[in-house]
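Chains as they are written, first to last, in the working numbering: chain A, 384 to 723; chain B, 384 to 723.
Here a beta-carbon is modelled for each residue, glycine too, at the ideal position from N, C-alpha and C.
2 protein chains.
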Amino acid sequence: MAIVVSLDKSRKDGAKPSLDAIENIVSEDLGRVNRLIVEKMESRAPLIPQLAGHIVAAGGKRIRPMLTLAAANLCNYQGERHITLATCVEFIHTATLLHDDVVDESMLRRGRESANALWGNEASVLVGDFLFSRAFQLMVSDGSITVLKILSDASAVIAEGEVLQLLTTNDTETSEEAYLEVIRSKTATLFAAAARIGAIVAERPGAEAEALESYGMNLGIAFQLVDDALDYSADQAALGKTVGDDFREGKISLPVVLAWRRGDNQERVFWRRTLENLEQKEGDLEQAISLMEKHGALGDTIERARHYGAIARDALGIFQDGDAKSAMIEAIDFSIERAF
Amino acid sequence: MAIVVSLDKSRKDGAKPSLDAIENIVSEDLGRVNRLIVEKMESRAPLIPQLAGHIVAAGGKRIRPMLTLAAANLCNYQGERHITLATCVEFIHTATLLHDDVVDESMLRRGRESANALWGNEASVLVGDFLFSRAFQLMVSDGSITVLKILSDASAVIAEGEVLQLLTTNDTETSEEAYLEVIRSKTATLFAAAARIGAIVAERPGAEAEALESYGMNLGIAFQLVDDALDYSADQAALGKTVGDDFREGKISLPVVLAWRRGDNQERVFWRRTLENLEQKEGDLEQAISLMEKHGALGDTIERARHYGAIARDALGIFQDGDAKSAMIEAIDFSIERAF
Chain A
384 MAIVVSLDKS RKDGAKPSLD AIENIVSEDL GRVNRLIVEK MESRAPLIPQ LAGHIVAAGG
444 KRIRPMLTLA AANLCNYQGE RHITLATCVE FIHTATLLHD DVVDESMLRR GRESANALWG
504 NEASVLVGDF LFSRAFQLMV SDGSITVLKI LSDASAVIAE GEVLQLLTTN DTETSEEAYL
564 EVIRSKTATL FAAAARIGAI VAERPGAEAE ALESYGMNLG IAFQLVDDAL DYSADQAALG
624 KTVGDDFREG KISLPVVLAW RRGDNQERVF WRRTLENLEQ KEGDLEQAIS LMEKHGALGD
684 TIERARHYGA IARDALGIFQ DGDAKSAMIE AIDFSIERAF
Chain B
384 MAIVVSLDKS RKDGAKPSLD AIENIVSEDL GRVNRLIVEK MESRAPLIPQ LAGHIVAAGG
444 KRIRPMLTLA AANLCNYQGE RHITLATCVE FIHTATLLHD DVVDESMLRR GRESANALWG
504 NEASVLVGDF LFSRAFQLMV SDGSITVLKI LSDASAVIAE GEVLQLLTTN DTETSEEAYL
564 EVIRSKTATL FAAAARIGAI VAERPGAEAE ALESYGMNLG IAFQLVDDAL DYSADQAALG
624 KTVGDDFREG KISLPVVLAW RRGDNQERVF WRRTLENLEQ KEGDLEQAIS LMEKHGALGD
684 TIERARHYGA IARDALGIFQ DGDAKSAMIE AIDFSIERAF
């Protein structure tokens, strides 16, 4: 597949896009968010900071709170509210991760033992509930009904998306539209809310809030699509990264949807056995990857991601050029080009 | 045990206290709450109204939303906000029930198959998350930061209480204070918030809001203590009601705490085997009840409940006498005297 030529001229020609620029922009604020996360996990129940600390420390890229911080920077926001609200966003995300692991019965999360493997499902459910409540307490302390509406709406959509996904799991006939509806709800909605909040705290006009929401939503979709492709990537496997988690769970992601639709009856027998009935044996993952490559399903999943990435980029068109905008565009490129 | 003579003279002498009076006071409003519950469970994921409808239809007494409605009535509130907010309270309660059943691995809830037995843990976790988010959306539509603070604080305390309970489960050395802390958090905090909201919507002075909060808190403690005693009641068993659920789960409730503290070493061996190690055999529940009766643990649990009931009653002292106040006092008496 051809390498995307970045439209952002501020980057050195040929340099691979990374999150470095956006991390630089938000680095001081993100440090404050990380400290607030630790402070607000405190509880008279010591298990809460222990368990929540495990998942927070496991890292991840903190991409959602970074979106709030970067969007606030793009909007020239000078106050303090973005620190609290970026923390809310990360707490909501962490709560959904904890509940997801219970739902998926995952034993690993970001390469470490998952919280439910270490402390049991009960604790994961309850600490998730606590973090979710704590997020709302923080929003209440911020005091904006507008922000509360954005994040309570997002939370309801995320929960609905998770329930919808229960129904598509193991259904190989899932359509591309149904799949997109799930990732829009499960992943992209919180990206959108996180970015939108940057404009809200800066009291920018509605058009800028909507532009940032569109940026977040489309970046979130692109990000998830690439994640889904990477989970079947032979290159990733060669780099020593885990692949095949989605396959083992019978998750129907876009590479599967495309391979199924482009495949013949014999191939569909394979997909039904492995993903609907979860009867998997040695060599099945390699067979799945080979069918996807045969039908161009992985490359076309990245092509779909590129489409959403382009929308995200154009959404930022109304903002003045500058470091924040370049960094946010590079984050889109990174989301897509990490596939190569 | 002696029958409590009610202090409420409006009730017929000798009539057993019931929830009839409070139900009469709120009946029209409660009908509207029930309709709003059904309306707000709607979702593009049909599993949500199915599963939530199962648990909501299973009934229960709707005591928490009734507290909001009755308190609003006591405060002469004439608006509509109490309907929405009573619905929020019931949604938060239902969400915690769904998550509790996952935690307890309960197969029965209110005598019916529990939601997690019918639809699986995943669905119970996610639909609980949805109802919780929906509750916050409804609060946001109400628009009061004061109410949002009351209910987000309550939600965080409830989740902390659930985590604390994880740690006391199966620990027979749990103290009475630790036990009280758990039920104050898990049960009484939402009763307190529900009642307080009645004064908030009516824009009554702080003293009345605090009085209603105290009423709810102490009623909630009394209610839970009596529930805990009833779970070991031979009389209840004779009436065909289920007893022994707490025993089978190894839950350390006040009757256990008292029997343990008053028992000898041989008895403690029994409690450790049955509740810490969960090694239970035929006749153990009967033995537990017999040890509790020997030490007066059940009667004294009711005595403790009576103490909190008295505080709840006195909290209402600052309100004018009238139907609402009598009905709310009768609800206290009912909570306690249903033990006989």
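- Task: Consider the Cβ of I528 of chain B: report whether some Cβ of chain A lies at a distance smaller than 8 Å.
- Result: As a first step, residue 528 of chain B is located in the second sequence; it is residue number 145 there, counting from the start. Closer than 8 Å to some Cβ of chain A, the Cβ of I528 of chain B qualifies, so yes.
- Expressed to the nearest angstrom, what Euclidean distance is found between the alpha-carbon atoms of S616 of chain A and V626 of chain A? Working through the first sequence from its first residue, we reach residue 616 of chain A at position 233. Working through the first sequence from its first residue, we reach residue 626 of chain A at position 243. Going from the Cα of S616 of chain A to the Cα of V626 of chain A covers about 7 Å.
- With a 10 Å radius around its C-beta and 16 neighbouring C-beta atoms as the bar for buried, classify L457 of chain B as buried or exposed. Counting from one through the second sequence, the residue named residue 457 of chain B turns up at place 74. Counting Cβ neighbours within 10 Å, L457 of chain B comes out buried, since at least 16 surround it.
- Query: Interface residues of chain B around I431 of chain A at Cβ under 8 Å?
  - Reply: Locating residue 431 of chain A in the first sequence gives position 48, where the first residue counts as 1. Ordered by position in chain B, the residues that pass the 8 Å Cβ test against I431 of chain A are E543 and V546.
- Item | Alpha-carbon to alpha-carbon, A582 of chain A and L588 of chain A | Locating residue 588 of chain A in the first sequence gives position 205, where the first residue counts as 1. Locating residue 582 of chain A in the first sequence gives position 199, where the first residue counts as 1. Checking the sequence, you will find Pro at residue 588 of chain A rather than Leu. Rounded to whole angstroms, P588 of chain A to A582 of chain A spans 8 Å at the Cα level.
- Task: For the segment 549–565 of chain B, enumerate the residues whose C-beta is nearer than 8 Å to any C-beta of chain A, in chain order.
- Result: L549 and L550
- Backbone CA spacing between L521 of chain B and M522 of chain A [nearest angstrom]: Reading the second sequence from its first residue, position 138 is the one you call residue 521 of chain B. Reading the first sequence from its first residue, position 139 is the one you call residue 522 of chain A. If I take the Cα positions, the gap works out to 15 Å.
- Proximal residues to L402 of chain A (C-beta, below 7 Å), its chain only, five neighbours per side dropped: By one-based count along the first sequence, residue 402 of chain A stands at place 19. For L402 of chain A, where only same-chain residues beyond five positions count, the Cβ hits under 7 Å are K444, A714 and F717.
- Query: Is the CB of H465 of chain B under 8 Å away from at least one CB in chain A?
  - Reply: Here the question's residue 465 of chain B lines up with position 82 in the second sequence. It does not: the Cβ of H465 of chain B has no partner Cβ on chain A nearer than 8 Å.
- Item | When A:E665, A:T555 and A:N601 are compared against I694 of chain A, the one with the closest alpha-carbon | In the first sequence, the residue the question calls residue 694 of chain A occupies position 311. Ranking A:E665, A:T555 and A:N601 by Cα distance to I694 of chain A puts A:N601 first.
- Task: Look at A542 of chain B and D484 of chain A and say whether their C-beta atoms are less than 8 Å apart.
- Result: What you label residue 542 of chain B is simply residue 159 of the second sequence in a count that begins at 1. What you label residue 484 of chain A is simply residue 101 of the first sequence in a count that begins at 1. Contact: no.
- Item | Any chain B beta carbon closer than 8 Å to K532 of chain A | Here residue 532 of chain A corresponds to residue number 149 of the first sequence, with the count starting at 1. It does: the Cβ of K532 of chain A has a partner Cβ on chain B nearer than 8 Å.
- Give me the Cα-Cα distance between V565 of chain A and G544 of chain A, rounded to the nearest whole angstrom. For the purposes of this step, residue 565 of chain A is taken as the residue at position 182 of the first sequence. For the purposes of this step, residue 544 of chain A is taken as the residue at position 161 of the first sequence. Approximately 5 Å, taken between the alpha carbons.
- Label H465 of chain B either buried or exposed according to how many other C-beta atoms from any shown protein chain fall within 10 Å of its C-beta, with 16 as the threshold for buried. Counting from 1 along the second sequence, the entry for residue 465 of chain B is found at position 82. When all chains shown are included, H465 of chain B counts as buried.
- Using a beta-carbon distance below 8 Å, is H482 of chain B in contact with chain A? Within the second sequence, numbered from 1, the residue matching residue 482 of chain B stands at position 99. Interface residue, yes.
- Spatial neighbours of D704 of chain B in its chain, beta-carbon cut-off 6 Å, leaving aside the 5 residues before and after: Numbered from 1 along the second sequence, position 321 holds the residue referred to as residue 704 of chain B. The answer is none, since no qualifying residue turns up.
- Message: So that I know if they touch, is there some Cβ in chain A lying closer than 8 Å to that of L509 of chain B?
- Response: For the purposes of this step, residue 509 of chain B is taken as residue 126 along the second sequence, with counting starting at 1. At least one chain A Cβ lies under 8 Å of L509 of chain B.
- Within 8 Å (strictly less), CB to CB, does D629 of chain B reach chain A? For this step, residue 629 of chain B is matched to residue 246 along the second sequence. With 8 Å as the cut-off, D629 of chain B does not count as an interface residue toward chain A.
- Could you say which of A:V639, A:A577, A:A571 and A:L534 lies nearest to K677 of chain A if we only look at CA atoms? Mapped onto the first sequence, residue 677 of chain A falls at position 294. Answer by Cα proximity: A:V639.
- So, helix, strand or coil for R493 of chain B, using DSSP? The sequence position of residue 493 of chain B within the second sequence is 110, counting from 1. Interpretation of R493 of chain B is limited by its pLDDT of 48, a score under 50 that renders its predicted location unreliable; no figure is taken from the coordinates.
- Message: I'd like to know if R567 of chain A contacts chain B, where contact means its C-beta is closer than 8 Å to some C-beta of that chain.
- Response: Taking the first residue of the first sequence as position 1, residue 567 of chain A is located at position 184. Taking Cβ atoms only, chain B never reaches closer than 8 Å to R567 of chain A, which makes this a no.
- Message: On the CB-based measure, 16 or more other CB atoms within 10 Å of its CB, does S524 of chain A come out buried or exposed?
- Response: Taking the first residue of the first sequence as position 1, residue 524 of chain A is located at position 141. When all chains shown are included, S524 of chain A counts as exposed.
- Buried or exposed: which applies to H690 of chain B, given that a residue is buried once 16 or more other Cβ atoms fall within 10 Å of its Cβ? Mapped onto the second sequence, residue 690 of chain B falls at position 307. So H690 of chain B ends up on the exposed side.
- Message: I'd like to know if the segment 667–681 of chain A and the segment 414–429 of chain A are in contact, where contact means that at least 3 CB-CB pairs between them fall below 8 Å.
- Response: no
- Query: In its own chain, which residues sit with a C-beta less than 6 Å from the C-beta of Q663 of chain B, not counting the 5 before and 5 after it?
  - Reply: The sequence position of residue 663 of chain B within the second sequence is 280, counting from 1. Hits under 6 Å: T657.
- Query: Would you say the segment 447–454 of chain A touches the segment 466–475 of chain A, given that touching needs at least three Cβ pairs under 8 Å?
  - Reply: yes
- Message: In whole angstroms, give me the CA-to-CA distance for L534 of chain B and N417 of chain B.
- Response: Here residue 534 of chain B is taken as the residue at index 151 of the second sequence, counted from 1. Here residue 417 of chain B is taken as the residue at index 34 of the second sequence, counted from 1. In a straight line, the C-alpha of L534 of chain B is about 20 Å away from that of N417 of chain B.
- Message: On the criterion of 16 or more Cβ atoms from any shown chain inside 10 Å, does D554 of chain B qualify as buried, or is it exposed?
- Response: As a first step, residue 554 of chain B must be located in the second sequence, where it is residue number 171. Label assigned to D554 of chain B: exposed.
- Following the continuous alpha helix (DSSP H) through E586 of chain B, name the residue where it begins and the one where it ends. Position 203 of the second sequence, counted from the first residue, corresponds to residue 586 of chain B. Element bounds for E586 of chain B: n/a, residue is neither H nor E.
- Item | Proximal residues of chain A, C-beta to C-beta of F606 of chain B below 7 Å | Against the second sequence, residue 606 of chain B aligns to sequence position 223. Going along chain A, no residue has its Cβ under 7 Å from F606 of chain B, so there is no contact; the nearest lies around 22 Å.
- Query: Between V540 of chain A and L430 of chain B, is the Cβ-Cβ spacing less than 8 Å?
  - Reply: In the first sequence, counting from the first residue as 1, residue 540 of chain A sits at position 157. In the second sequence, counting from the first residue as 1, residue 430 of chain B sits at position 47. No; because the gap between Cβ atoms is not below 8 Å, this pair is not in contact.
- Can you pull the chain A residues whose beta carbon is under 7 Å from the beta carbon of S516 of chain B, in chain order? Taking the second sequence and counting its residues from 1, one reaches residue 516 of chain B at position 133. Simply S535, S538, A539 and A542.
- Report the rounded CA-to-CA distance for A506 of chain A versus N499 of chain A, giving the unit in angstroms. The residue labelled residue 506 of chain A in the question sits at position 123 within the first sequence. The residue labelled residue 499 of chain A in the question sits at position 116 within the first sequence. Cα to Cα, the separation comes out at about 7 Å.
- Taking Cβ-Cβ distances shorter than 7 Å, what residues in chain A pair up with Q520 of chain B? Counting from 1 along the second sequence, the entry for residue 520 of chain B is found at position 137. Result: S535, D536 and A539.
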